[in-house]
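**Student:**
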């Protein structure tokens, strides 16, 4: 049923050009898998080789105007944080601001996932409005991952890959560590 | 209206990073003027200097996965034309499903080859558009195998090896047998 | 109730559960704060009313407000002085009501929780100990848990963000770019169905049922025509015998022969013999003229 695929050889130089071009034109991060599947399909090339090429590109762009970053769903070219000040006047105002209610709900879902709405409400001490859940869902930062087997079978929320991508994280482990209370108060902990 | 602007100095290295970053994040080509106005407003920098920097960036990207091109309204990064064919796979488009006319024509050519266009038209009762023949020829499923010696010497069509390969057939004999008309219409078949 | 009683009681409850060093630290500010806090409004409240509204709107809920009060007064969260906190909290809640701020029910629930803790602290030591220990424990745990998340939310807010701190590079494709068109998949059954459709519509095939034999003959006909066509440029004919492949055996020979006969019948090829008993040659009709 398939058109026959004949694999072609590709030299490192050409491969690097292609991978670089693909990463630049893609509108989302590309993983090694997706580079291979969507884009290098005609070529005989190993995952290891693609990873090597990515490392070479990363090295090449060190200290330039854009850098190749790894985020949760793959690699993408983005401007380094040091340049954000200078690029900011044009773009920063457009960046949406998020309320504390949204950020706290997001933090609870990110750190305590999977978590139900009432568990979030319990910790925050206030009701979580539908608006908050809607905003976070629309941004694709959270998703439902099932139901908790308690009366009412409430929905369980978890964070998404898009959430990690947006904050330039590769995994949940990279989230800032939760600071225990004693350190926050700065007072001597009880002995 | 009149925030006083104190111009800051900027070294070539930083300037190049900034210009490069601006060109990569802008969603339209940037002229020297717009670079200066939108991204370098805080800095003391001449048009000439910006032009030099652009030349340096252009030189740096020679032979890489993207190149800095001058277009009517300014400069923009684009993929090199040589890479278009390879990049085409990244943005595959699904061809529309084949129409009944195409499938019927293909079926007639497969089962009744060699056959002329007007014979197909006779059987189908409608004209066979050039588009249909073109689609099937481009797909390499049909080919011409000669001319019929009747007035006008019309082309004779037959199916190809690619056609058999696609449908995993070793020969035309393996094409499914047609169910006799009687069974199709639900009438008792004549013995 | 008098301050001294409450103070003693509070200390008594804490006695034995807290290290003495911590105790000493806490006793002094307690007395001082209580003298101020209970008779007067908390210092925090000397804020212009319109500014107050803005501040009150900033609280994410009762836990947030409590944390604010605790931090503002530099109270130790682990050794929460319930009386002054309750007083200050109630003052805020009253103010919220006064300026008709939409007050979430949670604020009133918290007020009653604080009042309850306060009253339980007033009970004799033994009575309290018989229950689950420090009546403040649950509230303190909640405050701690909330503060950790509050901090985590601030940390998340400071993470580099796409479109605010980092911008994604976007490059246009070259002008000559055309997307790859993926071929449409066709199922063999679709093909059969299409043909059945034609038959059903036209009944054109009524008299010649397509059978396996005729199909293989038709295939061979197409093959012979292709052979003649590609030979046409050079030789203009093909030897009759060259059209047969002996390896195919008797069946193959029969099929080829039938195909040639059919082609001749349909005037698609010509068969020539230039001399008597000479070789039989096959060619396309055009060349026969």
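Residue numbers (my numbering), protein chains in the order written: chain A, 453 to 643; chain B, 453 to 643; chain C, 17 to 305.
C-beta atoms are modelled at their ideal positions from N, C-alpha and C, and glycine is treated no differently.
1) In terms of alpha-carbon separation, which member of B:552, B:481 and B:593 lies closest to residue 209 of chain C?
2) Under the three-state reduction of DSSP, which class applies to residue 568 of chain B: helix, strand or coil?
3) How many angstroms separate the CA atom of residue 497 of chain B from the CA atom of residue 465 of chain B?
4) Just to confirm before moving on: does the CB-CB distance between residue 557 of chain B and residue 580 of chain B stay below 8 Å?
5) Looking only at its chain, what residues have a beta carbon closer than 6 Å to the beta carbon of residue 40 of chain C, apart from the 5 residues adjacent to it on each side?
6) Name the two residues that bound the continuous beta strand (DSSP E) containing residue 519 of chain A.
7) For residue 469 of chain A, report the span of its alpha helix (DSSP H) as first-last.
8) Between the Cα of residue 494 of chain A and the Cα atoms of A:509, A:616, A:477 and A:470, which residue gives the shortest distance?
9) Pop quiz: residue 247 of chain C and residue 530 of chain B are said to be a contact at Cβ under 8 Å. What is the actual Cβ separation, rounded to whole angstroms?
10) Residues of chain A with a CB under 7 Å from the CB of residue 469 of chain B: which are they?
11) Identify which residue in A:481, A:564, A:460 and A:608 has its Cα closest to the Cα of residue 162 of chain C.
12) For the alpha helix (DSSP H) containing residue 618 of chain B, list its first residue and its last residue.
13) Could you check if residue 274 of chain C belongs to the surroundings of the ligand ATP, using beta carbon to heavy atom distance under 7 Å?
14) By how many angstroms is the C-alpha of residue 527 of chain A removed from the C-alpha of residue 546 of chain B?
15) Using the three-state DSSP reduction, which class does residue 512 of chain A fall into: helix, strand or coil?
16) Taking only the alpha-carbon atoms, compute the straight-line gap between residue 462 of chain A and residue 541 of chain B and give it to the nearest angstrom.
17) Between which two residues does the beta strand (DSSP E) containing residue 724 of chain B stretch?
18) Taking C-beta to C-beta, are residue 524 of chain A and residue 588 of chain A nearer than 8 Å?
19) Can you grab the Cα-Cα spacing for the pair residue 459 of chain A / residue 195 of chain C, in whole Å?
20) Return the residues of the region 525-554 of chain B that lie within a Cβ-Cβ distance of less than 8 Å from chain C, sorted by chain order.
21) With a cut-off of 8 Å, do at least 3 Cβ pairs link the region 94-113 of chain C to the region 69-82 of chain C?
22) Should residue 568 of chain A and residue 608 of chain A be called a contact, given that it needs their Cβ atoms to be closer than 8 Å?
23) Who are residue 165 of chain C's beta bridge partners in DSSP?
24) Taking a Cβ distance cut-off of 8 Å, strictly less, list which residues of the region 186-200 of chain C are near chain A, in chain order.
25) In chain order, what residues of the same chain have a beta carbon less than 7 Å from the beta carbon of residue 129 of chain C, not counting five sequence neighbours either side?
26) Determine contact between the region 172-189 of chain C and the region 610-621 of chain A, defined as no fewer than three beta-carbon pairs at a distance below 8 Å.
27) Is residue 590 of chain B close to chain A, meaning its C-beta is less than 8 Å from at least one C-beta of that chain?
28) Buried or exposed for residue 549 of chain B, going by 16 or more other Cβ atoms inside 10 Å?
29) Find the residues of chain A that neighbour residue 176 of chain C, judging by a C-beta separation of less than 8 Å, and give them in chain order.
30) For residue 605 of chain A, which residues of its own chain have a beta-carbon under 7 Å away from its beta-carbon, when the five flanking residues on both sides are left out?
**Tutor:** On the basis of the coordinates in this document:
1) Numbered from 1 along the third chain, position 193 holds the residue referred to as residue 209 of chain C. Of B:552, B:481 and B:593, the residue nearest in Cα terms is B:552.
2) The residue labelled residue 568 of chain B in the question sits at position 116 within the second chain. Assigned with DSSP and collapsed to three states, residue 568 of chain B falls in strand.
3) Counted from its first residue, the second chain places residue 497 of chain B at position 45. Counted from its first residue, the second chain places residue 465 of chain B at position 13. If you take the alpha carbons of residue 497 of chain B and residue 465 of chain B, they lie about 13 Å apart.
4) Here the question's residue 557 of chain B lines up with position 105 in the second chain. Here the question's residue 580 of chain B lines up with position 128 in the second chain. The beta carbons of residue 557 of chain B and residue 580 of chain B sit closer together than 8 Å.
5) One-based indexing of the third chain puts residue 40 of chain C at position 24. Low local confidence applies: a pLDDT of 33 at residue 40 of chain C is under 50, so the model's placement there is unreliable, with the coordinate-based value given in what follows. None.
6) Position 67 of the first chain, counted from the start, is the residue given in the question as residue 519 of chain A. Segment 519-523, the beta strand (DSSP E) holding residue 519 of chain A.
7) As a working note, residue 469 of chain A is residue 17 in the first chain. From DSSP, the alpha helix (DSSP H) with residue 469 of chain A extends over 464-477.
8) Position 42 of the first chain, counting from 1, holds the residue named residue 494 of chain A. Among A:509, A:616, A:477 and A:470, the Cα nearest to that of residue 494 of chain A is on A:470.
9) As a working mapping, residue 247 of chain C is identified with position 231 in the third chain. As a working mapping, residue 530 of chain B is identified with position 78 in the second chain. Wrong, their Cβ atoms sit about 50 Å apart, outside the cutoff.
10) Taking the second chain and counting its residues from 1, one reaches residue 469 of chain B at position 17. Those are 516, 517 and 535, listed as they occur along chain A.
11) On the third chain, residue 162 of chain C is found 146 positions in, with the first residue counted as 1. For residue 162 of chain C, the closest C-alpha among the options A:481, A:564, A:460 and A:608 is that of A:564.
12) Translated into positions along the second chain, residue 618 of chain B becomes position 166. Counting along the chain, the alpha helix (DSSP H) containing residue 618 of chain B begins and ends at 613-618.
13) For the structure depicted, the ligand ATP is absent and the ligand set is empty, with no information on it obtainable.
14) To locate residue 546 of chain B, count along the second chain from 1; it is residue 94. To locate residue 527 of chain A, count along the first chain from 1; it is residue 75. Approximately 26 Å between the Cα atoms of the pair.
15) In the first chain, counting from the first residue as 1, residue 512 of chain A sits at position 60. The answer is helix: DSSP assigns residue 512 of chain A an H, G or I state.
16) The count along the first chain starts at 1 and reaches residue 462 of chain A at position 10. The count along the second chain starts at 1 and reaches residue 541 of chain B at position 89. Whole-angstrom Cα-Cα distance: 16 Å.
17) The requested residue 724 of chain B is not part of the displayed model; chain B covers only 453 to 643.
18) Taking the first chain and counting its residues from 1, one reaches residue 524 of chain A at position 72. Taking the first chain and counting its residues from 1, one reaches residue 588 of chain A at position 136. In this structure, residue 588 of chain A does not lie closer than 8 Å to residue 524 of chain A by Cβ.
19) As a position in the first chain, residue 459 of chain A is number 7, starting the count at 1. As a position in the third chain, residue 195 of chain C is number 179, starting the count at 1. Between residue 459 of chain A and residue 195 of chain C, the C-alpha separation is close to 20 Å.
20) Residues of the region 525-554 of chain B that bring their beta carbon within less than 8 Å of a beta carbon in chain C comprise 528, 529, 530, 531, 532, 533, 535, 536, 539, 540, 541, 543, 544, 545, 546, 547, 548, 549, 550 and 552, in sequence order.
21) Between the region 94-113 of chain C and the region 69-82 of chain C, the count of C-beta pairs closer than 8 Å reaches three or more; the two stretches touch.
22) Locating residue 568 of chain A in the first chain gives position 116, counting from the first residue. Locating residue 608 of chain A in the first chain gives position 156, counting from the first residue. With contacts defined by Cβ atoms closer than 8 Å, residue 568 of chain A and residue 608 of chain A form a contacting pair.
23) By one-based count along the third chain, residue 165 of chain C stands at place 149. Residue 165 of chain C pairs with nothing; no bridge assigned.
24) Residues are counted here when their Cβ sits less than 8 Å from a Cβ of chain A; for the region 186-200 of chain C these are 186, 187, 188, 189 and 199, given in chain order.
25) Here residue 129 of chain C corresponds to residue number 113 of the third chain, with the count starting at 1. Within its own chain, the residues whose Cβ lies closer than 7 Å to the Cβ of residue 129 of chain C, once the five positions on either side in sequence are excluded, are 155, listed in chain order.
26) Enough Cβ pairs lie closer than 8 Å, so yes.
27) On the second chain, residue 590 of chain B is found 138 positions in, with the first residue counted as 1. Residue 590 of chain B does not count as touching chain A.
28) One-based indexing of the second chain puts residue 549 of chain B at position 97. Exposed is the call here.
29) The residue labelled residue 176 of chain C in the question sits at position 160 within the third chain. Near residue 176 of chain C (Cβ distances below 8 Å), the residues of chain A are 533, 536, 619 and 620.
30) Counted from its first residue, the first chain places residue 605 of chain A at position 153. Excluding sequence positions up to five before and after residue 605 of chain A, its CB lies within less than 7 Å of the CB of 599, all in the same chain and listed in chain order.
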